[in-house]
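Top to bottom, those sequences are chains A and B.
Quick note: to get the numbering used here, add 451 to the position in the first sequence (first position is 1).
Quick note: to get the numbering used here, add 1 to the position in the second sequence (first position is 1).
Every residue gets a Cβ at the ideal spot worked out from N, C-alpha and C, and that includes glycine.
Please read the structure below before turning to the comments.
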Amino acid sequence: MDLYEYQGKQYFARFGIPTSPGGVADTVDEAVAQADVAGYPVVVKAQVKVGGRGKAGGIQLAADADEVRRHAETILGMDIKGHVVHRVWIERSSDIAREYYASFTLDRSAKKHLCMVSAKGGVDIEEVAATDPGAIARLHIDPVDGLDEATAASLVAEAGLDEEAREQAAQLLVLLYACYVEGDCDLAEINPLILTTDGRVHALDAKVTLDDNATFRHPEWAEFAGTETLDDRELLAKEKGLNYIGLSGSVGIIANGAGLAMSTLDVVNQVGGTAANFLDIGGGANADVMAAALEVINTDEAVRSIFVNIFGGITRCDEVAKGIVEALERVDLRSPIVLRLDGTNAPEGRQILAGHVSDRLVVEETMLGAARRAVTLAGGAK
Amino acid sequence: MSIFVDEKTRVVVQGLTGSQGRFHGLRNRDYGTQVVAGVTPGKGGTDVDGTPVFDSCAEAVAATGADASFVVVPPKGAPEAIIDAAAAGISFIVCITEGIPAQDEALFYNRLRRDFPDTRLLGPNCPGVISPGKCNIGITSGDIALAGGPVGIVSRSGTLTYQALHELSQQGVGQTTCVGIGGDPVPGTNFIDCLAAFEADPDTLAVMMIGEIGGAEEERAAQFIAEHLSKPVVAYVAGVTAPAGRKMGHAGAIISGSQGTAQAKMEALAAAGVVVANNPTEAGERMVEIVRKLG
């Protein structure tokens, strides 16, 4: 789960990472009230989960309440790369002397944590990595060892941070590492990390991605729920515990396992069709999950046929079959189902379905055959 | 021959008393796998359908001589179970658990490497390993595999592993061993480990590799194949049509920037001399052609 900047800063604050004082606002009046608390001049920042806010005019400096009012009016409701701004973050403006970069993420190739620090912050770090790779100091951290302040200190020195910023930056890195590990982040990034004209180092931005798999040990993450940018169907799928991504085609896809689901999309595409979605019902899905998946897809009016592609491992085909039968009884499905069923308990599954096969429920032997059938039922190849 | 597991492998199922552990553990046993013990802390002294249950892997190993473990434990308890198995001297651990936090995975991966360098972990979030006719550890349905070789399979995706087995078995082409390495960010065993083992196995004559979007493991495997593999390889990479920036179910399956696209992986593999197929069925057909030519 990606956090908004304001959520990321609040998350940082839990771990003692210094940020600018500020608050969120959903209306112009709230924005002015927050600015009054933070103290002028303030920065009004659009809260969207997409880069390039500044260039789009989503970040504005305001010297007084009138300017806050004017900027908040413009920014709230603004469309930034398809993301409508519903909330702004108001914080005290900082006098910036230097802009740095710091982040922690997992390096999957090295199978260790990777810390990156650069004295060239404030800009697109991928651009820096491409044009001036030497400007980024990198350190692999073995999670068994962790990160101590001495190691952090030599890293910030290697990165060429200004002398007066080094001690604070090293301390901040240790805190950010704790946030990244104990806070179960996939990514904890500060860009820019600033040195102010009065010699303080703090986070001016926050980019945090939380690891959804760790939700079970973070009850406090509940406050972030409901602020995700999901459409209605994605929300419904999430409520049902399904892994759903909406696309724009006409063949609804349900498969078990991410790999098979991706492959199903590919095969539908190869035989001339277009997928309406990605939907992985996961391992061990039962009848309820299957029925819920069909319900979710049924709300998509662009769907003309539904391709259910199951290869049972931990998922048992008899359970899948029961779910389909249940869904046929419970939901008024607008589109025909093309089913392909193999693997664990497949014969039992086919037997359960035997009495229900019709022009609304077609069973195909192979994945490719089922894809062709589903595309035909959806109106033929594009 | 086969790689990693065979008819002599003695398996302890961690979590045998749970519903998933019981279903898959007993199914592995029915397949002919030597499932010699179960482990569930607090349930030592009981049994599951005649297979004795112990409180710890150390006790199970002492009593039964188990040398492999099958971890069927929920995400919260899986890291501890894996370390328990390694500390007991078990040399091959299969963890099918889905949903383990990445921080935990990174920690136990590095702890294993440091403290138990002779232990191989397969997974987490993988379907397991099957050497058809000899040993099946994991959640793969045994009846879709065909004994006798000559193809070795390595796959990052669970259900596509089954699909690959199915495509070959349907055509009467058997497998030496099929390894599902799993789609998580820190897999214990990777493509290269399996490719090297297949290269060393005299009975494996060709290798089928199933990859997916995200990361750079397929690209690294391509380089390894170019430098070290004398045997023919057929590959399929899932996710050609996947949109960038969205997690496709596996924590690993995400395209960020221009990295990790299916197209880039397919090109790297083709450049390494691998036969690259556009879908699992085609991969099966290409492999059948190769095996028929090998005689």
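As DSSP reads the structure, Gln35(B) sits in a beta bridge with Arg11(B).
With at least 16 other beta carbons inside 10 angstroms of its own, Phe555(A) counts as buried. Fewer than three Cβ pairs drawn from the region 178-187 of chain B and the region 227-238 of chain B lie within less than 8 Å of each other, which leaves the two stretches out of contact. Around the beta carbon of Gly573(A), a 10 Å sphere encloses 16 or more other beta carbons of the protein chains shown; the residue is thus reported as buried.
Contacts between Pro584(A) and chain B, judged by CB atoms closer than 9 Å, are missing: the closest CB pair is about 15 Å apart. Interface criterion not met: the Cβ of Asn29(B) is under 8 Å from no Cβ in chain A.
Residue environment for Arg287(B): buried (at least 16 other C-beta atoms within 10 angstroms of its C-beta).
For Phe55(B), the enclosing beta strand (DSSP E) covers residues 52-55.
In the displayed model, Asn111(B) falls within a helix according to three-state DSSP. Taking one beta carbon from each stretch, the region 789-800 of chain A and the region 684-700 of chain A have fewer than 3 pairs nearer than 8 Å; the two do not touch. Residue pairing for His534(A): DSSP places it in a beta bridge opposite Ile531(A). Excluding five sequence positions before and after Phe192(B), the CB atoms of its chain that fall closer than 8 Å to its own CB belong to Val155, Arg157, Ile182, Met210, Gly212, Glu218, Glu219, Arg221, Ala222, Phe225, given in chain order. Counting along the chain, Gly820(A) sits inside the alpha helix (DSSP H) bounded by residues 818-828. At a cut-off of 8 Å between beta carbons, Pro594(A) contacts chain B. For Ser70(B), the nearest beta carbon of chain A is not closer than 8 Å to its own beta carbon.
Judged by DSSP in its simplified three-state form, Gly585(A) adopts helix. Residue environment: Thr715(A) is assigned as buried (16 or more neighbouring CB atoms within 10 Å of its CB, all protein chains considered). Counted as a single uninterrupted DSSP element, the stretch harbouring Ser701(A) is not any beta strand (DSSP E), since DSSP gives it neither H nor E. For Glu542(A), the pairing in a beta bridge is given by DSSP as Gly473(A), Val494(A). Arg114(B) places its beta carbon 8 Å or farther from that of Ile84(B). Per the Cβ contact rule, the region 700-707 of chain A is not in contact with the region 803-817 of chain A (fewer than 3 Cβ pairs under 8 Å). Take the alpha-carbon of Gly39(B) and the one of Leu779(A): they are about 40 Å apart.
Residue contact check for Asn642(A) against chain B: no CB pair falls below 8 Å. Note that the region 43-55 of chain B does not touch the region 98-109 of chain B; fewer than 3 beta-carbon pairs, one per stretch, sit closer than 8 Å. Just so you know, the alpha carbons of Lys44(B) and Leu745(A) end up roughly 40 Å apart. Residue Ala146(B) holds the alpha-carbon nearest to the alpha-carbon of Thr162(B) among Gly66(B), Pro151(B), Ala146(B).
Not a single CB atom of chain B sits nearer than 8 Å to the CB of His522(A). Following the DSSP letters along the chain, one finds Asn720(A) inside the alpha helix (DSSP H) bounded by residues 709-721.
Distance between Ala484(A) and Gly22(B), taken at the CA atoms: about 57 Å. Nearest neighbour of Met529(A) by Cα position, chosen from Val789(A), Gln498(A), Leu606(A), turns out to be Gln498(A). Annotation: the continuous alpha helix (DSSP H) that includes Gln264(B) extends over 263-272. Contacts between Glu213(B) and chain A, judged by CB atoms closer than 8 Å, involve Ala709, Gly710, Met713 in chain order.
Annotation note: the region 591-656 of chain A contains the following uninterrupted beta strand (DSSP E) runs of length 3 or greater, listed N- to C-terminal: 636-647, 652-654. Boundaries of the beta strand (DSSP E) harbouring Gly139(B): 136-139, taken from the DSSP string. What Lys562(A) touches in chain B, judged by beta-carbon distance under 8 Å, is Ala107, Tyr110, Asn111, Val187, going in chain order. Excluding sequence positions up to five before and after Arg801(A), its CB lies within less than 8 Å of the CB of Cys768, Ala772, Leu792, Val814, all in the same chain and listed in chain order.
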